[in-house]
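Colleague:
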Amino acid sequence: MIGSKTTIKAIKKGKCKYVFLSNNINDELKNEILGLCTASNIPVQIYNGSGYELGALLGKPYMISCIGVIEAEGLEIRGE
Numbered sequence: 001m002i003g004s005k006t007t008i009k010a011i012k013k014g015k016c017k018y019v020f021l022s023n024n025i026n027d028e029l030k031n032e033i034l035g036l037c038t039a040s041n042i043p044v045q046i047y048n049g050s051g052y053e054l055g056a057l058l059g060k061p062y063m064i065s066c067i068g069v070i071e072a073e074g075l076e077i078r079g080e
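Our numbering numbers the first residue of the sequence shown as 1 and each following residue consecutively.
Take a look at the structure:
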């Protein structure tokens with residue numbers, strides 16, 4: 001799922017398996033998401049690029065600060 005609001009909802013409902021954050025996400029939002037993920041044992045990776053770069057990576061013409069993964073089977077994370 002794309003976006004902080006939907007990702008936060010999924011974390012709170014126990015549906016999120018992994019979270020990616022852009023490196024320029026708002027600090028307050030970043031801290032909220034990191035706190036929720038820590039409490040729920042959800043791995044988080046900070047993408048080494050801006051929200052616009054993360055959006056472009058996903059083929060979107062806009063900034064994406066947060067991505068929540070709800071199905072992690074077969075997910076391979078590079079650069080960890």
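All C-beta atoms, glycine included, are put in the ideal place defined by N, C-alpha and C.
#1: For the candidate residues Ile64, Tyr18, Gln45, whose alpha-carbon lies nearest to that of Glu53?
#2: On a Cα-Cα basis, can you pick out the residue from Leu57, Ile70, Met1, Ile42 that is closest to Asn48?
#3: The beta strand (DSSP E) spanning Cys66 covers which residue range?
#4: Where Lys13 and Pro61 are concerned, what is the direct C-alpha to C-alpha distance, given to the nearest angstrom?
#5: Which residue or residues does DSSP assign as beta-bridge partners of Tyr18?
Modeller: So, to answer that:
#1: Ile64
#2: Leu57
#3: 66–69
#4: 29 Å
#5: Val69
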